[in-house]
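Let me begin by presenting the structure, written as structure tokens, before commenting on it.
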Amino acid sequence: MVFFGYFYRTQKNSRLKNPFYLLALLFLISFGNTVAQTETWFYLRAVDNNVSPNFTETNGILKYTGSDSRLAGVLSRYEIYDFKKTLRNTNKKTVGRTFFVRANSSNLLSDLLQKAGHAFASGEQISKEDMKIYEPNDYGLTSTIGDNLGMQANLDYLDFLGLPKAWYYTTGNKDFYIGISDGIVDTTDIDFRDKTTIVRKSRLAKGHGYSIGANAAAQGDNGHGIPGVCYDCKIYSTTYGDFAYLKMLKELSDKGVKVINCSWSGRVKRQSAQDTVNAMFANGTLIVATAGNEDWKRTRGELVLYPAAYDHVISVSSGMYKYDKPTDNLGVNKSGEYNAGNIKGYVGRALGFKNNDTLGEAFIWGQSTANLNRHVDILAPTAGLVSYGKMILNDTISYSRFETTSGAAPLVSGTIALMQSLNPCLPTDEVESILKITAMNIDHIPANRKYKDMYGAGMLQTGDAVEMVYKLYTENETAYIEDQAFSRWNFKVTALSEEVKIQNQKFTESASLKLKARNRIVIGKNTVLRPNNKGSISLKIDPNLQKQCDLVLRDPSIAEN
Numbered sequence: 037m038v039f040f041g042y043f044y045r046t047q048k049n050s051r052l053k054n055p056f057y058l059l060a061l062l063f064l065i066s067f068g069n070t071v072a073q074t075e076t077w078f079y080l081r082a083v084d085n086n087v088s089p090n091f092t093e094t095n096g097i098l099k100y101t102g103s104d105s106r107l108a109g110v111l112s113r114y115e116i117y118d119f120k121k122t123l124r125n126t127n128k129k130t131v132g133r134t135f136f137v138r139a140n141s142s143n144l145l146s147d148l149l150q151k152a153g154h155a156f157a158s159g160e161q162i163s164k165e166d167m168k169i170y171e172p173n174d175y176g177l178t179s180t181i182g183d184n185l186g187m188q189a190n191l192d193y194l195d196f197l198g199l200p201k202a203w204y205y206t207t208g209n210k211d212f213y214i215g216i217s218d219g220i221v222d223t224t225d226i227d228f229r230d231k232t233t234i235v236r237k238s239r240l241a242k243g244h245g246y247s248i249g250a251n252a253a254a255q256g257d258n259g260h261g262i263p264g265v266c267y268d269c270k271i272y273s274t275t276y277g278d279f280a281y282l283k284m285l286k287e288l289s290d291k292g293v294k295v296i297n298c299s300w301s302g303r304v305k306r307q308s309a310q311d312t313v314n315a316m317f318a319n320g321t322l323i324v325a326t327a328g329n330e331d332w333k334r335t336r337g338e339l340v341l342y343p344a345a346y347d348h349v350i351s352v353s354s355g356m357y358k359y360d361k362p363t364d365n366l367g368v369n370k371s372g373e374y375n376a377g378n379i380k381g382y383v384g385r386a387l388g389f390k391n392n393d394t395l396g397e398a399f400i401w402g403q404s405t406a407n408l409n410r411h412v413d414i415l416a417p418t419a420g421l422v423s424y425g426k427m428i429l430n431d432t433i434s435y436s437r438f439e440t441t442s443g444a445a446p447l448v449s450g451t452i453a454l455m456q457s458l459n460p461c462l463p464t465d466e467v468e469s470i471l472k473i474t475a476m477n478i479d480h481i482p483a484n485r486k487y488k489d490m491y492g493a494g495m496l497q498t499g500d501a502v503e504m505v506y507k508l509y510t511e512n513e514t515a516y517i518e519d520q521a522f523s524r525w526n527f528k529v530t531a532l533s534e535e536v537k538i539q540n541q542k543f544t545e546s547a548s549l550k551l552k553a554r555n556r557i558v559i560g561k562n563t564v565l566r567p568n569n570k571g572s573i574s575l576k577i578d579p580n581l582q583k584q585c586d587l588v589l590r591d592p593s594i595a596e597n
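All residue numbers for the sequence shown refer to the working numbering, where the first residue is 37 and numbers rise by one.
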């Protein structure tokens, strides 16, 4: 059945809600007249890399000190709070000439383009919704509203995941521990000091545990290193192995750990290990594990590794995130064959082109994929991630070059930690549903179709997952289930929001959806709820649903506003 425009609701009268976000409002009072001016953010692109305006700062206001009279004439008319180069929202053509600007009027952008066109060629406003972000002071080269006092590294994969949006709501809970079953984590490094407990001492493993721990929870906003995904969370570090009983994982679960990262795998399935996973899941613990690094050319989707393939384990493989389209990152080999790398949403690191035509059909080189199979739940970035272990051991900034899945799993683990930090009562059996519902759907990319049903729900989107938790459990919000096409898996969602809207969404074949809402459920356009006899749809209104606990927001005024 295809639904259009119908909704389920309680008998309560609907109420209009008008949330006002204080983060972007300035009120100026002048000689008896009250004039409201809206703070504006925008990206601005210079005509070339040589444009670099100089400013001095007084009481948070920037004053242009350069010699360009035309530019001075424009800038002097506005209050400017930020005017700095960033790698955010850039590509190969605009790197080095893109600025982030924060000012007191949206007219500044148009004035700069019209009256200082000799210096600036283009730009675009940042929407109010996209202004709901937070950045720590060690966010790296793509920072905008945040400082860049830490490692001078490109953390654009965190931009892709939407971390600034997630951090707007929460940066983690200092009482929340992420389990890292891996090589040892360095408790002397500033980003791990005072937040890491060694439960069982592991091996150095060439700094592997340093990098995994950093991706999940390296301390942020401390002017050092890089921020982990859940940077205000703490770490329990333990060893790895024990494929038969997973005792080191059970030990962490017994200590109250809700998410444990396992960036390791083995080929043998053991019922004793599945029994341990089941017991941990019943105890409120989720395991996140790597699907493995073997490529499609070798495995053809048939290689299954553990613990990733056990029930109640979230299996993570590799996807690409960086460039919008293949022509944005073209290369050519010695034979004259064109290729492209790290293209957003593709399951392989490297692409080729049919008939060597870069404007024609692209295909994924099978040897550039990580392990893919039907047990994979979600993809996360790998190629291009900062290697924090090498920074600690060798004092060098380096990035992963290949599609190894070790670094991808802790991005998912950190995301789960943020979700559960925001809502400490978030049901364990609903976490995976939210991760998959908010994942970037990559089914539409032609080159991915060869691997359909082998790459899970798509690409991890941390910001959307955390925001969905916020909206599901905030009374005056609308939560969305949209833009996905699921033909398998069981989804369970509870909503205390004013409304849940399902739109441009499919649940077919063996997919199941169990949605319980306190207020109303709206079935919007392009929604298909048509499972077969192996799936089911349950949409239920329960006005008696109550909060189990309050959300723990980074800034409590977010809810008030």
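No residue lacks a Cβ here, since even glycine has one placed at the ideal position from N, Cα and C.
If you count every other CB in all the chains shown that lies within 10 Å of the CB of residue i, and 16 or more means buried, which is it?
i	result
Cys585	exposed
Lys201	buried
Leu58	With a pLDDT of 32 at Leu58, under the threshold of 50, the modelled position of that residue is not reliable, and no figure is offered here.
Arg133	buried
Glu513	buried
Asn580	exposed
Tyr506	buried
Ser423	buried
Phe438	exposed
Asn85	exposed
Val368	exposed
Ala155	buried
Cys298	buried
Lys358	buried
Ser457	buried
Based on Cα-Cα distance, which residue from the options lies nearest to residue i?
i	options	result
Trp203	Ala453, Ile234, Met476	Ala453
Ile262	Ser273, Leu421, Ser469	Leu421
Asp331	Thr405, Asn459, Ala108, Gln541	Thr405
Ser179	Glu373, Ser572, Tyr79	Tyr79
Asp166	Ser103, Lys237, Asn125	Asn125
Tyr346	Thr206, Tyr374, Glu373, Val313	Val313
Pro592	Lys358, Thr76, Tyr205, Met187	Tyr205
Asp192	Ser273, Arg106, Arg239, Asp360	Asp360
Arg590	Thr563, Lys210, Ile428	Lys210
Asp413	Leu341, Gly198, Phe279, Met490	Met490
Below 8 Å between beta carbons: does that hold for residue i and residue j?
i	j	result
Ala376	Ser351	no
Asn477	Gln539	no
Asn407	Thr335	yes
Gly384	Trp401	yes
Ser574	Thr544	no
Gly259	Asn173	yes
Ala253	Gly425	no
Gly256	Thr207	yes
Leu496	Val448	yes
Tyr267	Trp300	no
Tyr509	Lys583	yes
Ala108	Tyr100	yes
Leu339	Gly355	no
Val265	Leu199	yes
Got a sec, what are the start and stop residues for the beta strand (DSSP E) residue i sits in?
i	result
Leu565	563–567
Gln188	Run containing Gln188: none; DSSP gives neither H nor E here.
Asn143	Note, Asn143: premise wrong, no beta strand (DSSP E); alpha helix (DSSP H) at 143–151.
Phe136	134–139
Phe543	541–545
Leu551	548–553
Ala531	526–531
Leu322	322–326
In terms of residue numbering, what span does the alpha helix (DSSP H) encompassing residue i cover?
i	result
Ser289	283–290
Pro417	Premise fails: Pro417 lies in the beta strand (DSSP E), 414–417, not in any alpha helix (DSSP H).
Asp500	498–508
Ile470	464–473
Leu589	Per DSSP, Leu589 belongs to no alpha helix (DSSP H) and is neither H nor E.
Residues in the same chain with beta-carbon distance under 8 Å from residue i, minus the five sequence neighbours each way, listed in chain order, please.
i	result
Glu466	Lys528, Val529, Thr530
Val293	Tyr213, Ile214, Gly215, Tyr272, Thr321
Asn69	With a pLDDT of only 30 at Asn69, under 50, the local geometry of the prediction cannot be trusted, and the value read off the model is given with reservation. Result list for Asn69: empty, nothing under 8 Å.
Please return the same chain residues whose Cβ sits closer than 6 Å to the Cβ of residue i, not counting the five positions on each side in sequence.
i	result
Leu282	Ala309, Thr312
Cys269	Gly208, Phe212, Ile214, Ala253, Ala453
Val235	Tyr272, Thr274
Asp578	Lys552
Using a Cβ-Cβ cutoff of less than 7 Å, which residues in the same chain neighbour residue i once the five nearest sequence positions on both sides are dropped?
i	result
Gly182	Glu171, Pro172, Asn173, Tyr175
Asp479	Lys488, Ala521
Leu366	Tyr374, Ala376, Thr394
Ser88	none
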